[in-house]
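Peer 1:
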């Protein structure tokens, strides 16, 4: 009888120690989606590669005209909106005459947009 009680007690302890919280598959998937989406949106995430244009030293014209080095979808920007200039590690954007460009919510004619 004593052995039976000890055995039941031992089994109860083992079950208590190995007990896990209930598995919630849907919640785990949702958490994974949130984490994955956040990672994709980071500065080095894949979503920042969409529409990526490698800049070469000097000026690169941009706009919706196919003659530009950097071509935007038609109707989304002026045909010849301006140019982006890479000098060393500094990137400057300059708007064409009559084109409005905002940097940090301020209209600019020319502005440095990256400098280490």
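In this note's numbering, the protein residues as written are 96 to 211. Every residue gets a Cβ at the ideal spot worked out from N, C-alpha and C, and that includes glycine.
Using only alpha-carbon positions, find the residue among 182, 155, 169 that is nearest to residue 190.
Peer 2: For the residues 182, 155, 169, the minimum Cα distance to residue 190 belongs to 155.
Peer 1: Among 132, 168, 192, whose alpha-carbon lies nearest the alpha-carbon of residue 178?
Peer 2: Checked all of 132, 168, 192; the closest Cα to residue 178 is 192.
Peer 1: How many whole angstroms separate the CB atoms of residue 198 and residue 206, which I take to be in contact at a CB cut-off of 8 angstroms?
Peer 2: Right, the Cβ-Cβ distance comes to about 5 angstroms (below 8 angstroms), so this counts as a contact.
Peer 1: Go to residue 204, then tell me how far its beta strand (DSSP E) extends in each direction, as first and last residue.
Peer 2: First-last for residue 204: undefined, no H or E at that position.
Peer 1: At a cut-off of 6 angstroms, would you count residue 203 as near the ligand GTP, judging by its Cβ distance to the nearest heavy atom?
Peer 2: For the ligand GTP, the structure offers nothing, since it holds no ligand at all.
Peer 1: Which residues share a DSSP beta bridge with residue 190?
Peer 2: Beta-bridge pairing links residue 190 to 177.
Peer 1: Between residue 127 and residue 135, is the Cβ-Cβ spacing less than 7 angstroms?
Peer 2: In this structure, residue 135 does not lie closer than 7 angstroms to residue 127 by Cβ.
Peer 1: Beta-carbon separation of residue 195 and residue 174 under 7 angstroms?
Peer 2: Going by C-beta atoms, residue 195 is not nearer than 7 angstroms to residue 174.
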